[in-house]
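Taking it in order: structure first as structure tokens, then the write-up.
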Amino acid sequence: MLVEGPVEVVGDDGTLTRSDRPVVALCTCRLSRIFPWCDTSHRGPPPPRGDGEFGDGPSSA
1 MLVEGPVEVV GDDGTLTRSD RPVVALCTCR LSRIFPWCDT SHRGPPPPRG
51 DGEFGDGPSS A
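Counting along the sequence shown from 1, when you hit position 61 you're at 61 in the UniProt record's numbering, and nothing is skipped either side.
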């Protein structure tokens with residue numbers, strides 16, 4: 001969720017987190033390592049490339 005800043009977020013435990021950025025992304029999945037800000041952890045790891053670089057694709061020999 002994008003929010004125009006500056007913004008202050010009060011956590012469940014009452015802690016106040018502030019950002020002075022013009023736009024911030026709030027985490028709604030709670031997977032972020034920098035919660036309450038989004039770090040795109042919800043996307044998960046990228047899929048394997050499959051181009052043979054790591055031995056997972058067809059060999060070029």
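Every residue, glycine too, gets a C-beta built ideally from N, C-alpha and C.
Quick test of your reading: residue i and residue j, contact by CB under 8 Å. State the CB separation rounded to the nearest angstrom.
| i | j | result |
| --- | --- | --- |
| R33 | S41 | 7 Å |
| T17 | V9 | 5 Å |
| G5 | D20 | 6 Å |
| G11 | P36 | 7 Å |
What does the alpha-carbon distance come out to for the pair residue i and residue j?
| i | j | result |
| --- | --- | --- |
| C38 | L31 | 8 Å |
| A25 | P47 | 24 Å |
| V7 | C29 | 19 Å |
So is residue i buried or exposed if we call it buried at 16+ other beta carbons inside 10 Å?
| i | result |
| --- | --- |
| C27 | buried |
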